[in-house]
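Colleague: Note that the sequence shown covers residues 100 to 572 in my numbering.
Note that the Cβ used here is the ideal one computed from N, Cα and C, for glycine as well.
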Amino acid sequence: MPRTKTIFPPVLPELCAVVMAAGQGTRMRSDLVKVLHPMGGLPMVGHVLDLCARLGVKRTLTVIGHQAERVREALATYSVEFILQQDQRGTAHAVLQTEAALQGFQGDVLVINGDVPLLTDALAETLLHTHRKAGAQATLITTMLDNPAGYGRVLRDRRGSFKGIVEEVEATAAQRRVKEINSGIYCFNARRLFAALHQVRPSAVKGELYLPEVLPILGKAGGRIATVLADDPREVLGINTRAELAEAYGILRLRVVNRLMEAGVTCVDPATTYVSVLAAVGRDTVIYPHVQVEGRTEIGEGCTIHSGCRIRESRLGNRVTVLDGCVIRESEIADEAVLGPYAHLRPECRIRRKAKVGNFVEVKKSVIGEGSKVPHLTYVGDSTVGERVNIGAGTITCNYDGFGKFQTVIEDEAFIGSNTSLVAPVRIGRGAIVAAGSTITQEVAPDALAFGRAQQVNKEGRAAAIRAARAKK
Ligand code: UD1
Ligand code: CA
């Protein structure tokens, strides 16, 4: 007889999330509240909030306290509700602040520390599944650590049944040797949770209200407490210090790089490839060592990004070449453009198809038209450069007179000789030629030739005469 698969459960209970983000994070020794420390392109807690969204929770309540306004601002783009925890009296106290908001809610609550950014969808789903399958009042994720220092230890009876959690500061020497730790990631039945939270008493050493204390309370009231053992402790790494932040980022970074490689991107040296979780890179793009791709940058297909480049919040089309040492910020680069080496694109540049911005060129808030070339040692600011323009080495758009910024327009097919100063506002007409070394302060008409430099004077034989005079002295 074929085995029939049991479909479980027919109707899933509703799910809300509570993310704890009110603590200062003293161990970071920072002026910035811990959960806002950036990691892989997001504030640390952003990873937790994104996970909640992917799990499809009905509401995410974020408990804030330290630097509440700053946290609200930093998380403004997330669809979460903020709950203020005025004084931070511990994690149980933090969750208690959500009681009014969750009044009448009958489903499950996923409770997550704001400082566990590496939790994966799969592990969170296992937590929910285990919780529901076991019909538990509470389920928590634990893991085994060779060095469990800093974490709450899991206490079990001789038969291995869960008894409770003891925080390190409160633990005996024997308890400290326990390697199974609490991850700070839980699922609770909402109604039971709040009833039990009211019974939590301040801890002996620190006088805080510890969330894990609700577990034995729920257990004693006859509820089942289930645990999920995470095989990979890296998924539940809690960040308390800068060293842990760096360690967690290292893990996250490799996840991102591996995802890129699976999608067809060549990362020549995964160990030194830094790509934000928000970035997208197309297939057959090659990323050389020591490249940073930040924010919501999009890089198309078949691009080559050479070593030492930083690209942030920018869009690159297909088959773009970025040679070594470029900085590209908030700009758009079209297909087959070539940048660098050592080009600096400041915000709001549009580099059109097949354009070339070469070495030691700085471009700001400007358009470089299709097929145009700015090959070396140039500053182009507040400018619109047309198509097939050539700008010689050492050219400067003088866009600033000490008071205001002014525009330079260079029309299609114009040729700007080397070492030219274009004093804005100024326009160079289509097909015009500007002689090398010119200082241009007036409009140049289309197809005109402009000289803006002193006339050259040659004196026949004068050099020899000078040398002869000197020799006599
Ligand atoms: C906590 C757990 C510990 C577990 C570890 C896993 C408690 C008492 N201990 O310890 O068992 O092994 O996480 O990483 O829960 N927070 C608030 N309000 C407060 C206090 C904390 O919102 O009043 C927030 C913090 O901002 C942080 C989270 O709760 O995001 C955890 O607090 P933290 O102080 O880091 O707890 P741990 O000592 O790491
Ligand atoms: Ca922590």
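Are the Cβ atoms of Gly551 and Asn518 separated by less than 7 Å?
Modeller: Reading the sequence shown from its first residue, position 452 is the one you call residue 551. Reading the sequence shown from its first residue, position 419 is the one you call residue 518. No, these two residues do not count as a Cβ contact at 7 Å.
Colleague: For Gly140, which of Ala379, Arg275 and Ala370 has the nearest alpha-carbon?
Modeller: Within the sequence shown, numbered from 1, the residue matching residue 140 stands at position 41. Residue Ala379 is the option with its Cα nearest to Gly140.
Colleague: For the beta strand (DSSP E) that Leu254 lies in, which residues bound it at each end?
Modeller: As a position in the sequence shown, residue 254 is number 155, starting the count at 1. Per DSSP, Leu254 belongs to the beta strand (DSSP E) from Arg252 to Arg255.
Colleague: Are the segment 336 to 348 and the segment 356 to 364 touching by the rule of at least three beta carbon pairs closer than 8 Å?
Modeller: Taking 8 Å as the limit for Cβ pairs, the verdict is that the segment 356 to 364 does not touch the segment 336 to 348.
Colleague: Does the beta-carbon of Gln184 have 16 or more other beta-carbons within 10 angstroms, so that it is buried, or is it exposed?
Modeller: The residue you call residue 184 lines up with position 85 of the sequence shown. With 16 or more other Cβ atoms within 10 Å, it is buried.
Colleague: Pick out the complete alpha helix (DSSP H) segments inside the segment 354 to 383, 4 residues or longer, and give them in chain order.
Modeller: The segment 354 to 383 contains no whole alpha helix (DSSP H) run of 4 or more residues.
Colleague: Just jot down, in chain order, the residues whose CB lies closer than 7 Å to any heavy atom of ligand 2.
Modeller: Working through the chain, the matches are Asn212, Asp214, Gly283, Gly337, Ile338 and Asn339.
Colleague: Residues in its own chain within less than 7 Å of Gly363 by CB, not counting five upstream and five downstream?
Modeller: In the sequence shown, counting from the first residue as 1, residue 363 sits at position 264. Only Arg382 and Asp383 meet the Cβ criterion.
Colleague: Given that a residue counts as buried once 16 or more other Cβ atoms are within 10 Å of its Cβ, and exposed if not, what is Met100?
Modeller: Working through the sequence shown from its first residue, we reach residue 100 at position 1. In this prediction, Met100 scores a pLDDT of 46, lower than 50, which makes its location untrustworthy; the coordinate-derived value is nonetheless stated afterwards. Classification for Met100: exposed.
Colleague: Measuring from the CB of Tyr250, is there a heavy atom of ligand 1 at a distance below 6 Å?
Modeller: The count along the sequence shown starts at 1 and reaches residue 250 at position 151. Flag set: Cβ of Tyr250 near ligand 1.
Colleague: Let me check understanding here. Comparing Cα to Cα, which of Asp245, Ala223, Leu314 and Ala237 lies closest to Val265?
Modeller: Taking the sequence shown and counting its residues from 1, one reaches residue 265 at position 166. For the residues Asp245, Ala223, Leu314 and Ala237, the minimum Cα distance to Val265 belongs to Leu314.
Colleague: The alpha helix (DSSP H) spanning Val194 covers which residue range?
Modeller: Along the sequence shown, one-based indexing puts residue 194 at 95. Element bounds for Val194: Thr190 to Leu195.
Colleague: Taking 6 Å as the cut-off, is the C-beta of Gln187 nearer than that to any heavy atom in ligand 1?
Modeller: As a first step, residue 187 must be located in the sequence shown, where it is residue number 88. Checking every heavy atom of ligand 1 against the Cβ of Gln187, one is found closer than 6 Å.
Colleague: On the three-state DSSP scale, how would you describe Pro101?
Modeller: Taking the sequence shown and counting its residues from 1, the one referred to as residue 101 is at position 2. Low confidence applies here, because Pro101 scores a pLDDT of 49, under 50, leaving its location unreliable; read the following figure in that light. Here Pro101 sits in coil by DSSP.
Colleague: Run the proximity test for Met575: is its beta-carbon closer than 6 Å to any non-hydrogen atom belonging to ligand 1?
Modeller: Not covered by the structure: residue 575. The range shown for the chain is 100 to 572.
Colleague: Among residues of its own chain, excluding the 5 on either side of Val134, which ones have a beta-carbon nearer than 6 Å to its beta-carbon?
Modeller: The residue you call residue 134 lines up with position 35 of the sequence shown. Excluding sequence neighbours, Val134 sits near Ala120, Met143, Val144 and Gly213.
Colleague: Just the Cα atoms here: how many angstroms apart are Thr238 and Cys366?
Modeller: Taking the first residue of the sequence shown as 1, we reach residue 238 at position 139. Taking the first residue of the sequence shown as 1, we reach residue 366 at position 267. Their backbone Cα atoms lie some 39 Å apart in a straight line.
Colleague: Under 8 Å Cβ to Cβ from Met243, same chain only, skipping five residues before and after it: list those, please.
Modeller: On the sequence shown, residue 243 is found 144 positions in, with the first residue counted as 1. Closer than 8 Å at Cβ, skipping near neighbours: Lys278, Glu279, Ile280, Leu328 and Pro332.
Colleague: Quick one: is the Cβ of Pro311 within less than 6 Å of any heavy atom of ligand 1?
Modeller: Start at 1 with the first residue of the sequence shown, and residue 311 comes out as number 212. Yes.
Colleague: By the DSSP assignment, the alpha helix (DSSP H) with His146 in it spans what residues?
Modeller: Position 47 of the sequence shown, counted from the start, is the residue given in the question as residue 146. Element bounds for His146: Met143 to Leu154.
Colleague: Rounded to whole angstroms, what's the CA-CA distance from Leu218 to Asp423? Just pull it up for me.
Modeller: By one-based count along the sequence shown, residue 218 stands at place 119. By one-based count along the sequence shown, residue 423 stands at place 324. For Leu218 and Asp423, the distance between alpha carbons rounds to 35 Å.
Colleague: Does ligand 1 have even one heavy atom less than 6 Å from the beta-carbon of Val327?
Modeller: For this step, residue 327 is matched to residue 228 along the sequence shown. No, ligand 1 has no heavy atom inside 6 Å of this Cβ.
Colleague: When we look at the beta-carbon of Lys319 and count the other beta-carbons within 10 Å, is it buried (16 or more) or exposed?
Modeller: Mapped onto the sequence shown, residue 319 falls at position 220. Counting Cβ neighbours within 10 Å, Lys319 comes out exposed, since fewer than 16 surround it.
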